[in-house]
Each structure stands twice: as structure tokens, then as C-alpha cells.
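From first to last, the protein sequence lines stand for chains A and B. Using the numbering used here, you'd call the opening residue of the first sequence number 464 and step up by one each time. Using the numbering used here, you'd call the opening residue of the second sequence number 464 and step up by one each time. Virtual Cβ for every residue (Gly too), placed ideally from N, Cα, C. Structure record follows, encoded as C-alpha cells.
There are 2 protein chains.
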Amino acid sequence: MGEELQLSDLQLGLLRILWDREEATALEVHTVLVEQDRGLAPTTVSTMLSRLEKKGTITHRTEGRQFIYRALVREVDVRRSMLSRVTDYFFGGDVSALVSHLVEGRDVDPDDIARLQQLLAERSGGAEEHDDA
Amino acid sequence: MGEELQLSDLQLGLLRILWDREEATALEVHTVLVEQDRGLAPTTVSTMLSRLEKKGTITHRTEGRQFIYRALVREVDVRRSMLSRVTDYFFGGDVSALVSHLVEGRDVDPDDIARLQQLLAERSGGAEEHDDA
DNA sequence: ACCCATGAACGACAAGCGTAGTACTACAGG
DNA sequence: CCTGTAGTACTACGCTTGTCGTTCATGGGT
Numbered sequence: 464m465g466e467e468l469q470l471s472d473l474q475l476g477l478l479r480i481l482w483d484r485e486e487a488t489a490l491e492v493h494t495v496l497v498e499q500d501r502g503l504a505p506t507t508v509s510t511m512l513s514r515l516e517k518k519g520t521i522t523h524r525t526e527g528r529q530f531i532y533r534a535l536v537r538e539v540d541v542r543r544s545m546l547s548r549v550t551d552y553f554f555g556g557d558v559s560a561l562v563s564h565l566v567e568g569r570d571v572d573p574d575d576i577a578r579l580q581q582l583l584a585e586r587s588g589g590a591e592e593h594d595d596a
Numbered sequence: 464m465g466e467e468l469q470l471s472d473l474q475l476g477l478l479r480i481l482w483d484r485e486e487a488t489a490l491e492v493h494t495v496l497v498e499q500d501r502g503l504a505p506t507t508v509s510t511m512l513s514r515l516e517k518k519g520t521i522t523h524r525t526e527g528r529q530f531i532y533r534a535l536v537r538e539v540d541v542r543r544s545m546l547s548r549v550t551d552y553f554f555g556g557d558v559s560a561l562v563s564h565l566v567e568g569r570d571v572d573p574d575d576i577a578r579l580q581q582l583l584a585e586r587s588g589g590a591e592e593h594d595d596a
């Protein structure tokens, strides 16, 4: 199923914009980037977009003389893929080790803890899993 | 405090070896890599090690004509840093959202769920610190 | 029909990574 | 003292990323 897709910060930034608004022209993307204090030349944005397209991450349709870009990968998949890389590497896929790390290290609100407990309770009690072994 | 350190897979692999054995010569590192099906020329390993050192991630002392490398960054810090990047980006630092994602997506064993509940219970009940290396 | 503005296409360049061959140095054995 | 060998240093090369400048095409206004 999953191709190993590894994205840089900027690439992620571009994707994010496309995810947020479904579609966007190069100019639009550039504008958003600028608003995010990410000052880049419009051509830079175009170049990045092109390269992303060449890799099959996004695509575009032409409307008039403008390109309207659209993401081809879903955020949830990228999220999963990138997270997997880190978790697999550092925790060998052991989710509890990961959460343990999170809870230990950074400050986690008691609220968060509570919410997590809630979440897990739902998971184990509410939804019936019929997975064996 | 936190420098943004972004490591590639190979760099992580090298670091891992140094973390595991505290210290290692270039040759030793190479050997381990080979055992891990990561077949690289010894010179390649040396080059990578040098570059890592230039970036301040590792260091070495000289024993005879050999270099004995040692990591300058702790695994826990790199772990945290790399994980933060992903979690901050995708979940805005919301740990419960992250865990939610994890629990929803890949199949998490009931065992894991139980362990997590245990973990959280400890966390919210008695604040016990147990050292992690 | 012509010129300009708008935006894409192309080319460029520096830095960093992965990869490795070759050069050099220094210690050890004869 | 000379040489072989081990092991680092140097150099190189192709690829990707971030960053643009410049060129080119085209459609719209006068």
C-alpha cells in the first residue's frame, strides 16, 4: 500500500496549503506563504510546485493561463507515513513506548491525560474489535 | 536549548550505532552497517562520520591511528526533536490528537491499549519518575 | 494588429546527502 | 632504513532542495 514518501518542511508547507483549500493557483499559494512569514519569490513557489508534481505528489489543471494545483496525496496518509518513519525507528512500532515518551518528556496537560484515558476507554470498551491474536 | 536537528535515515543509522555502543571506530561502525544489510564502502562510512562531526553531532578521539567516535547528542533528545517536528506540524502539539491518530489508524493490540491505560493511570495518580537512558 | 502584462518554462547555482575512489601519512616488521 | 599496510583526508560526482533570474508564450486591451 504505502510508498515511502519523505517530505521536507517546505514541501509539507505547500501540501498543507493545498490540503486546506482543496485547490490553489501558484500565486495563491505564494500569497498564503507570504502571509505565513514564509517570504519566497513567486518563481520559487512555482518551481517547488512543479517538482512536487513531477514526483506525483500533486497535480494541476489549466484554467486560462493559470495552473490550479491540487494534492494527490491525502494528509492522513502523509501523516501516517511520516509518523511511522519516526516511530518505527525510535520505538520499533511500539505505540505504548511512543506515548510513554510523549507523556514523560514534554509537558502534557492533565487534561490531555484525561482525554487520552477517555479515548482508550472508548477504544477498548465501546468498539468491539474482533481481531484475534 | 533546542536546536533544530534534522537527521536523515543514514545519519540516524550511524547515530544509532554510536548510541548502542557508546563508542565505536569507523571500521566498527561499518561492520555493524554491513551486518544490518546496509552495505556501504568503509570510506563512505568515514565520510558520513566526518560530516556528522563537522555538524557537531558527534565527536571523536584518536587512539593510535584510529578514530573513536562518540555521539554528542542524546538519543532521547533527537527522538524528541524529530517527533516534535511531525507532531507539531500535523497535530499542533496536541498529544491526544496524535494518539488518537495512532489508535485509529494502524491496528493497535488490545495489549497496547491496556499498557497505555496503565501508563496513564500511573501518570495521573502517583507522579513516579523512572529514568530513561 | 500590436504591445504589454501576466504567468509558466527553463536554466542556474549553492548546499547537503549518498556514494566512493584515490591520495597521503604514519606505524610496524624486516 | 625501506616498504607495506592500515586508516584518515581529500576530491569528486550525481541527485535533491531551496532559491531565483530570465526567457518565452499568450491573451486582453487600445
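Going by C-alpha distance, which of the options is nearest residue i?
i         : options                                    : result
Arg514(A) : Glu526(A), Gly502(A), Tyr532(A), Leu565(A) : Tyr532(A)
Gln469(B) : Leu490(B), Arg542(B), Asp500(B), Phe530(B) : Arg542(B)
Val566(B) : Pro573(A), Gln529(A), Asp557(A), His564(A) : Asp557(A)
Ser438(B) : Asp574(A), Ala560(A), Glu538(A), Thr525(A) : Nothing in the structure corresponds to residue 438(B), since chain B is present only between 464 and 596.
Thr525(B) : Val497(B), Val536(B), Glu486(B), Met545(B) : Glu486(B)
Ala560(B) : Met511(A), Gly476(A), Ala577(A)            : Ala577(A)
Gly527(B) : Met545(B), Gly519(B), Thr488(B), Asp500(B) : Thr488(B)
Could you tell me whether the Cβ of residue i comes closer than 9 angstroms to any Cβ of chain B?
i         : result
Glu498(A) : no
Gln580(A) : yes
Phe530(A) : no
Leu515(A) : no
Ser539(A) : The residue you asked about is not Ser; residue 539(A) is Val in the sequence shown. Taking Cβ atoms only, chain B reaches closer than 9 angstroms to Val539(A), which makes this a yes.
Asp483(A) : no
Taking only three categories from DSSP, how would you classify residue i?
i         : result
Ala560(A) : helix
Glu526(B) : strand
Thr520(B) : coil
Ala504(A) : coil
Arg542(A) : helix
Glu591(A) : For Glu591(A), the pLDDT reaches just 49, beneath the cut-off of 50, and the residue's location in the model is therefore unreliable, leaving the point undetermined.
Arg514(B) : helix
Arg586(B) : helix
Arg533(B) : strand
Could you work out which residues of chain B lie near residue i, taking near to mean beta carbons separated by less than 7 angstroms?
i         : result
Val562(A) : Val562, Leu579, Leu582
Val495(A) : The premise fails here: Val495(A) is roughly 16 angstroms from chain B at the closest Cβ pair, so nothing lies under 7 angstroms.
Ala571(A) : Position check: residue 571(A) holds Val in this sequence, whereas Ala was assumed. Those within 7 angstroms of Val571(A) in chain B are Val558.
Just checking: is the beta-carbon of residue i within a distance shorter than 9 angstroms of some beta-carbon in chain A?
i         : result
Ile480(B) : no
Asp595(B) : Annotation note: pLDDT 45 at Asp595(B) (below 50); position unreliable, coordinate value reported separately. So yes, Asp595(B) belongs to the interface.
Asp472(B) : yes
Find the residues of chain A that neighbour residue i, judging by a C-beta separation of less than 7 angstroms, and give them in chain order.
i         : result
Val549(B) : Met545, Leu546, Val549
Asp575(B) : Val558, Ser559
Arg586(B) : Val566, Ile576
Arg542(B) : Phe553, His564
Leu475(B) : Tyr552
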